[in-house]
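I have placed the structure first, in the form of structure tokens, so that the comments after it can refer back to it.
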Amino acid sequence: MSVPYETAAYEPAESPESPEEHLARLLGRALNSFELPDETIRRLDCALAHDSSLHSAHHSAGLHRETYRHTWLLADGSALTLWELVHNTARGREPQHEVYADEEELRAATARLPLPPDAPDFELPVTVQLSAIPASRHAYAPDDSADHARRVLRRAENPDRPDAATAALLATACAHQITQAFGRPCRAAGLCFSLYEHAFLLRDGEEVSLWEVEHTATPDGRHMCEVYVSEDAARAAMERRAAQLS
4 MSVPYETAAY EPAESPESPE EHLARLLGRA LNSFELPDET IRRLDCALAH DSSLHSAHHS
64 AGLHRETYRH TWLLADGSAL TLWELVHNTA RGREPQHEVY ADEEELRAAT ARLPLPPDAP
124 DFELPVTVQL SAIPASRHAY APDDSADHAR RVLRRAENPD RPDAATAALL ATACAHQITQ
184 AFGRPCRAAG LCFSLYEHAF LLRDGEEVSL WEVEHTATPD GRHMCEVYVS EDAARAAMER
244 RAAQLS
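Each residue of the sequence shown is one higher than the last, beginning at 4 in this note's numbering.
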């Protein structure tokens with residue numbers, strides 16, 4: 004017997020990890036992920052958001068199994084679900100993870116587990132985390148990060164660049180990572196725009212990012228750098244600069 008759980012509404016902006024990261028983590032721990040159809044994996048490449056929930060649980064005499072439902076919202080508006088079976092019935096009682104694209108296959112795999120038939124499923128009172136949420140989506144490298152932050156802020160030419168409080172905060176940076184941000188394009192014929200995220204890890208564990216716009220949307224076509232404290236502000240500046248010269 005399965006005890007259904009309501010699937011939460013999609014909240015892409017609040018998700019602790021991207022749909023791609025969540026899928027990679029799920030497939031990485033599943034012993035049979037190679038059995039999933041190629042078409043299923045291809046469809047998940049265009050996922051926009053995801054949600055996970057405990058579907059049912061079964062505990063008896065030191066043995067247990069849980070089933071989880073992982074659902075992705077795809078770019079075409081459809082949804083795709085993978086079912087994860089977690090159990091400790093193998094030798095050594097180490098947790099084993101299996102993943103299935105079909106609920107019938109999940110039920111067949113569950114029926115094969117050596118669990119007493121008279122031990123019913125039960126609903127857990129709280130949502131269970133599959134594993135610890137990754138501490139960060141960035142791969143930081145220890146370096147002279149405080150000096151890097153100073154150099155980024157020093158080359159910013161925009162009047163609304165980050166203030167002195169931000170500079171003081173970044174003076175405590177102990178590691179950083181630089182990545183180019185893509186996503187929504189800035190349409191401006193003949194102009195060159197690039198957006199970079201400078202992510203900093205502070206000594207107290209806090210994470211702070213600076214968003215650097217490099218562009219040639221200047222009256223004389225020279226190269227210019229602007230720095231903002233959020234991606235939205237940086238992208239808005241790109242659109243504004245392009246509109247001024249369009």
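Just so you know, even glycine gets a beta-carbon here, dropped at the ideal spot from N, CA and C.
> Ends of the beta strand (DSSP E) at A82?
Replying inline: 82 to 90
> Does the stretch 164 to 178 touch the stretch 236 to 243, meaning 3 or more C-beta pairs lie closer than 8 angstroms?
Replying inline: no
> Taking A52 as the reference, which of S36, G65, T70, W75 has the closest Cα?
Replying inline: W75
> How close, in whole Å, do the beta carbons of A104 and L85 come, if the pair is a contact with beta carbons under 8 angstroms?
Replying inline: 6 angstroms
>> According to DSSP, simplified to helix, strand and coil, what is A220?
In response: coil
> So, T92 versus L66, is the Cβ gap smaller than 8 angstroms?
Replying inline: yes
>> Between which residues of its own chain and P117 is the CB-CB distance below 8 angstroms, once the five residues before and five after are set aside?
In response: L66, T92
> Which whole-angstrom value is the C-beta distance of E108 and H100, which I expect to be below 8 angstroms?
Replying inline: Not really, about 15 angstroms apart at Cβ, beyond 8 angstroms.
> Name the DSSP beta bridge partners of A176, please?
Replying inline: L205
> Straight-line CA distance for A50 to L77?
Replying inline: 4 angstroms
> Based on the DSSP secondary-structure assignment, which residues constitute the bridge partners of L76?
Replying inline: A52, A82
> Nearest CA to the CA of V211: which residue from L173, A240, Y199, L34?
Replying inline: L173
> So what does Q183 bridge to, in DSSP terms?
Replying inline: Y199
> CB-CB under 6 angstroms to T182, same chain, minus the five flanking residues each way: which ones, in chain order?
Replying inline: E200
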